[in-house]
Each structure stands twice: as structure tokens, then as C-alpha cells.
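Residues in the sequence shown are numbered from 90 upward in steps of one, following the numbering used here.
Comments concern the structure below.
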Amino acid sequence: MSELQSGTGILSADSFLSHLSAEECYRMLMDSSFDWEFWQLPDGSFGYMTPSALEVTGYAPEEFVGRPELYYDIIHPDDRHRVYSHHCRPERKRIISLEFRIIRKDGRERWIDHICRRIEDRDGNWLGCRASNRDITGRKRSELRFREKSAEFEESGRLLKSIIEYTPVGIAVADAPEMKIRLISNHGCELEGRSREELDKFTAEQYQFIHPDGTPAQTDEVPLARAVLNGEQVTDEEWIVQRPDGIRVNILCNAGPVYDDNSRIIGGVLVWQDITRRKENEQRLEQSRR
């Protein structure tokens, strides 16, 4: 049996509780609550409010008890109508929750997570509602920062996508480890001789790369696959790609991995340009020297 220290010795929990009335036990538990809690009577007055009201709102419980309308006065004007509409009524028997803002006594704005339920006596008569208000300002600020960052990332993503789509070289971005193509430039589609719809379903290993000597490349030899799977940086490698119409295009490739904040590979980027005309000029120049 658990025991408690008293001024004159050790008391068992049962002995300690036997000295308290049910109301005293209830108040002792409620007074120690970190949340701002209260019992609102049917007429809108407060039968009880926890001391934590002072910490959350800047107003003492006695101020709310003495002037019940203060509860609604401190609610942010933009949220006041929702709170009025939500007000606990006899016909509402389910638990209700909502989030709203208050203006503290010192003028600071705080976010509140509110939950309440109907209170009845043993005969089912309505006695008002019991409510619990938790300060969630820190969480709401985090959510706001997240939304702002998400908006920034979305804007950056649109900008990056525009750059990739319209730059006059082939650019492809693949994820890891599946190597599925997530983005590809318009020029990349032209060099591959395929539509964007086709290439959106491609993985890096489906690209038909051929070594300069005419030998087909294995999957793990393709520059983008090496970047995604091995973290390899590929610089100025010459390759040949086989288009669906049978045309072979000489390309110069650069590829590299993309890392997250924990240095884990999350994708890869391939950049390639058509050097077919350059290779043809080199061949003609070589032939003219013979």
C-alpha cells in the first residue's frame, strides 16, 4: 500500500484520503492541472476554474468567475463567432473540440486547443459543461513555419522544374534506390526521341546506353545508375544512346548523386548534351589527314 509523509509521521494513501471530502479530492486534482480547465454552468457563469488560467491567459480565475463575459472578450475577434457558435448547449451530448486564439492580458496572442463535454447529474439533468483548454502556441508556430517552408520548397520546385524543362541540354533527375525518372528536360526528351509520358515511366536502367566502341552498356555501367547506386561522380564521359527510331546519338555525360542532410543518397542527376555533329566533324577531319 502506498504511503504519504505527514507532519506527524507516515500516512497510508487510504488514511490520507479519508480525511478529505469528495469535493476536496476533486479540487486537489484539478488545481494541479497544467491545462486551463473550468466548469461552465448553464447560465454561462463559472462554477470552478483551475489556477492555471492565470498562466495561460494572464487573468486570475476569480476575474472570470466575477465577470463571465471576460472568457469571450479575450477570444481573438476573428475566432469569436466560431466559439460563440460552439457554446455548450443542452442538446449537445457529444464531445466537442476546436482551436482558437486568445489575447492575453499582456496583449500577446496564444493558440488554444479546446475540448468540452456536457455534464449531467444522476437524473440526466444538464449541469453545464466541463472544458479543458491547452496552450498549443508552440505547436501552431511550428506548423506555420512548416507551411512557410513548404511554400518556399514548392516555389523552388516550380522554378527548378522550369529551368530543367527549358534548358538546352538533357537533364534527368532520378530517385534512389529505384532509379525512377522524376524530372526530365524538354531537350532530354528530344535527344531520347521519346515523349515525356514515356520517359516518366522509365527507370535509369531502361536507357539504352552504348559504349563508344559499340558495346551495349550493362545497367551498373550507365552514368546515372552509378551516381544513384554508388555515389559516383561522372565527368565528361562520351556515350551513345539508341533512339526508338534506330538513330544513334553521341552524347557527353555528367552525373552525380543527391544527398539528404544525413549524407544518405536520395537520388541522382544526369546532364548530357548532343555531340553528334562534333564527332562527325572530328571524323571528317581525321579522314582528311589520311
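The C-beta atom is built at its ideal place from N, Cα and C for all residues, glycine as well.
Local Cβ density within 10 Å of residue i, reported as buried at 16 or more and exposed below that
i: Leu-272; result: buried
i: His-276; result: buried
i: Thr-97; result: With a pLDDT of only 49 at Thr-97, under the threshold of 50, the placement of this residue in the model should not be trusted, and no figure is reported.
i: Gln-307; result: exposed
i: Ala-314; result: buried
i: Ser-91; result: The pLDDT assigned to Ser-91 is 45, lower than 50, so where the model puts this residue is not dependable; a value taken from the coordinates is nonetheless given after this. Exposed.
i: Glu-371; result: exposed
i: Asp-224; result: buried
i: Glu-144; result: exposed
i: Ser-141; result: buried
i: Ser-377; result: exposed
i: Tyr-161; result: exposed
i: Pro-257; result: exposed
Of the listed residues the options, nearest to residue i (C-alpha basis)
i: Arg-183; options: Arg-219, Lys-194, His-165; result: Arg-219
i: Ile-364; options: Arg-206, Ser-231, Gly-259; result: Gly-259
i: Cys-278; options: Gln-362, Glu-327, Asn-214; result: Gln-362
i: Ile-185; options: Ile-191, Phe-291, His-203, Gln-295; result: His-203
i: Ser-231; options: Trp-200, Tyr-161, Arg-366, Leu-187; result: Trp-200
i: Ser-393; options: Arg-283, Glu-241, Ser-274, Glu-151; result: Because the chain here runs from 90 to 379, residue 393 falls outside it and cannot be looked at.
i: Val-154; options: Ile-329, Ser-352, Thr-139; result: Thr-139
i: Pro-301; options: Ser-284, Ile-329, Arg-285, Arg-283; result: Ile-329
i: Arg-332; options: Arg-283, Ser-352, Lys-368; result: Arg-283
i: Glu-281; options: Asp-334, Cys-205, Leu-233, Glu-241; result: Asp-334
Contacts around residue i, its chain only, beta-carbon distance under 6 Å, and the 5 residues preceding and following it disregarded
i: Val-172; result: Ile-164, Phe-189
i: Ala-265; result: Val-317, Ile-354, Ile-355, Gly-356
i: Pro-56; result: Absent from the structure is residue 56, since the part of the chain shown begins at 90 and ends at 379.
i: Glu-254; result: Ser-274, Asn-275
i: Lys-368; result: Asn-339
i: Ala-261; result: Ile-270, Ile-273, Gly-277, Leu-359
i: Arg-285; result: Cys-278
Span separating the alpha-carbon of residue i from that of residue j
i: Leu-93; j: Leu-130; result: Confidence at Leu-93 is low in this model, with a pLDDT of 44, below 50, so its placement is unreliable and no value can be given for it.
i: Asp-289; j: Gly-303; result: 27 Å
i: Phe-127; j: Tyr-137; result: 5 Å
i: Ser-239; j: Asn-222; result: 29 Å
i: Arg-247; j: Asp-124; result: 43 Å
i: Ser-245; j: Trp-215; result: 55 Å
i: Phe-105; j: Arg-236; result: With a pLDDT of only 45 at Phe-105, under the threshold of 50, the placement of this residue in the model should not be trusted, and no figure is reported.
i: Glu-287; j: Asp-309; result: 22 Å
i: Glu-327; j: Asp-349; result: 29 Å
i: Ile-208; j: Gly-227; result: 31 Å
i: Gly-217; j: Pro-166; result: 25 Å
i: Glu-243; j: Asn-351; result: 22 Å
i: Asp-168; j: Pro-150; result: 22 Å
i: Arg-337; j: Arg-373; result: 18 Å
i: Glu-198; j: Leu-233; result: 14 Å
i: Asp-212; j: His-170; result: 33 Å
i: Arg-206; j: Lys-229; result: 24 Å
Close-in-space but distant-in-sequence residues of the same chain around residue i (CB under 7 Å, 5 per side omitted)
i: Asp-325; result: Leu-341, Asn-343
i: Pro-157; result: Gly-133, Ser-134, Phe-135
i: Gly-147; result: Arg-193, Lys-194, Asp-195
i: Ala-263; result: Lys-269, Ile-270, Arg-271, Ala-293, Leu-313, Val-317, Gly-356, Gly-357
i: His-175; result: Ile-185, Leu-187
i: Gly-320; result: Pro-346, Ile-354
i: Gln-297; result: Val-330, Gln-331
i: Ile-191; result: Thr-146, Ile-163, Ile-164, His-165, Arg-199, Ile-201
Beta-carbon contacts of residue i that lie in its chain and below 8 Å, excluding the five residues immediately before and after
i: Ala-316; result: Gln-322, Val-323, Ala-344, Gly-345, Pro-346, Gly-357, Val-358, Leu-359
i: Leu-159; result: Tyr-148, Glu-152, Phe-153
i: Arg-366; result: none
Near the ligand ATP: residue i beta-carbon under 8 Å from a heavy atom
i: Glu-281; result: Annotation note on the ligand ATP: not contained in the displayed structure, which lists no ligands.
Report task. Within the stretch 180 to 206, note down every full beta strand (DSSP E) run reaching 3 residues or more, in order along the chain. Result -> 185 to 192
**Report entry** 3-residue-minimum beta strand (DSSP E) runs that sit fully inside the stretch 304 to 375, ordered along the chain
**Finding:** 323 to 331, 337 to 348, 354 to 363
Requested in this report: Entirely within the stretch 199 to 267 and at least 3 residues each: give me those beta strand (DSSP E) ranges in chain order.
Outcome: 215 to 224, 259 to 264
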